[in-house]
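Structure record follows, encoded as structure tokens.
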Amino acid sequence: MVIERISNLFTFFDRRPEVIIDTDIGDDIDDAFAIVWALVSRRLTVRAILTAHGDTELRAALTRKLLRSYGKQEIPVWAGVATQTDVVFTQKDYAGEERSPSSVDGIHATLDLIRKRPDRLTLIALAPLHNIDAMIDRDPATFKTLKRVIVMGGSLRRGYNSPTGEPNLTPQAEHNIHLNPGAFDRLLQSGVPIVMMPLDSVQARPSDAFLHAVGEAHPDLHRLLTLWQHNNPFHVTRPTLFDVVAMAAAITPQRCPLIPLRVGVDAIGMTTESEGAANVRACLETDHEEALGAFMRDLCPSYSGPSALALR
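Okay, structure coming up:
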């Protein structure tokens, strides 16, 4: 019986989804929350993290420090394509003296990892799609061997909510797609299965009790959150956890119901539905209470306070 249980445990860990996380950590705070969830979850295995957009070396330094604080420094972190940006890097002070430019080509390293593990890796894209664009351009055949891509991006039937959480029923050009609409179009044509997590489903606003509990249990997240609260250009203290809900599509997929859709994108990054064969599976509605509850069960298992979700 004991041997059988041990065997079942190894089978469980062998079947966990293997992921590469593509992130623009350091601007908004939701990337850090999503990455930490992936690190502590027993329901997936993080194989690598690739940084995207702006100063990718600084983002990589921040990520390495965060991984080390969780004892996960063995996970490779690669700097992806650097770009010009005027986005405020709210959490750069956390990186401190960590910055040491790497000689590793992040796009090459990621493609090499995909090549070694064909049909096994899920790419979770939480950032503008510059790295995806570069990978498809450099080696479309290898890119096509990804098991799937989960994209936090797009806006189909809803746009950005107000700062206080009031719903917006008018679709908008979402940030990650807007900054490289051509890359999203190439992804749609790549042949890789796509899970789309648009604004419609990902705008979860946590309660103060949620943020306090996470900060108490996770000092590095508390530090990053505090930096974001002081430095974000919107002058708000409660974030929207877009990337946490997108991560739920990998960790707790039952909370992210998917429907097949055909989606296109225009030159400014507006994503629209059209007739024809489906090219994505999209999550248009998520139970945010359940998604944030799953996050809390992994990060703060003893939490028994009020709702994780903010009331408008």
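Numbering (UniProt numbering), first residue to last: 1 to 312. Each residue gets a CB set at the ideal place from its N, CA and C atoms; glycine is no exception.
Exercise for review: Would you kindly check if the distance between the Cβ of G153 and the Cβ of N176 is under 8 Å?
Suggested key: The residue given as residue 176 occupies position 176 in the sequence shown. The residue given as residue 153 occupies position 153 in the sequence shown. Yes, the Cβ-Cβ distance between N176 and G153 is below 8 Å.
Point to revise | Coil, strand or helix - S190 by DSSP | key: As a position in the sequence shown, residue 190 is number 190, starting the count at 1. It is coil, neither helix nor strand.
Exercise for review: Identify whether G71 lies in helix, strand or coil by the three-state DSSP scheme.
Suggested key: Your numbering for residue 71 matches position 71 in the sequence shown. Looking at G71 - three-state DSSP - the assignment turns out to be coil, as it is neither helix nor strand.
Check your understanding: Does DSSP classify L199 as helix, strand or coil?
Key -> As a first step, residue 199 is located in the sequence shown; it is residue number 199 there, counting from the start. The answer is helix: DSSP assigns L199 an H, G or I state.
Check your understanding: Got a sec, what are the start and stop residues for the alpha helix (DSSP H) E289 sits in?
Key -> Counting from 1 along the sequence shown, the entry for residue 289 is found at position 289. From DSSP, the alpha helix (DSSP H) with E289 extends over H288 to L299.
Check your understanding: Does the beta-carbon of E174 have 16 or more other beta-carbons within 10 angstroms, so that it is buried, or is it exposed?
Key -> Translated into the one-based positions of the sequence shown, residue 174 becomes position 174. Buried is the call here.
Check your understanding: Measuring CA to CA, which of W228, V245, I194 and D27 is closest to R205?
Key -> Counting from one through the sequence shown, the residue named residue 205 turns up at place 205. Comparing Cα positions, the closest option is V245.
Exercise for review: Inspect the beta-carbon positions of S155 and L199 and report whether they are closer than 8 Å.
Suggested key: One-based indexing of the sequence shown puts residue 155 at position 155. One-based indexing of the sequence shown puts residue 199 at position 199. Against a cut-off of 8 Å, the Cβ pair of L199 and S155 comes out as a contact.
Review point. Taking Cβ positions, are D27 and V88 nearer each other than 8 Å?
Key: Translated into the one-based positions of the sequence shown, residue 27 becomes position 27. Translated into the one-based positions of the sequence shown, residue 88 becomes position 88. Yes. Within cutoff.
Point to revise | For L66, three-class secondary structure by DSSP | key: Taking the sequence shown and counting its residues from 1, one reaches residue 66 at position 66. In this structure, L66 counts as helix in the three-state DSSP scheme.
Practice item. Would you kindly work out how many angstroms separate the C-alpha atoms of Y70 and G276, rounded to a whole number? Key: As a working note, residue 70 is residue 70 in the sequence shown. As a working note, residue 276 is residue 276 in the sequence shown. Approximately 46 Å between the Cα atoms of the pair.
Review point. CB P128 to CB A209, shorter than 8 Å?
Key: Residue 128 sits at position 128 when you count from the first residue of the sequence shown. Residue 209 sits at position 209 when you count from the first residue of the sequence shown. Result no, Cβ atoms of P128 and A209 do not sit closer than 8 Å.
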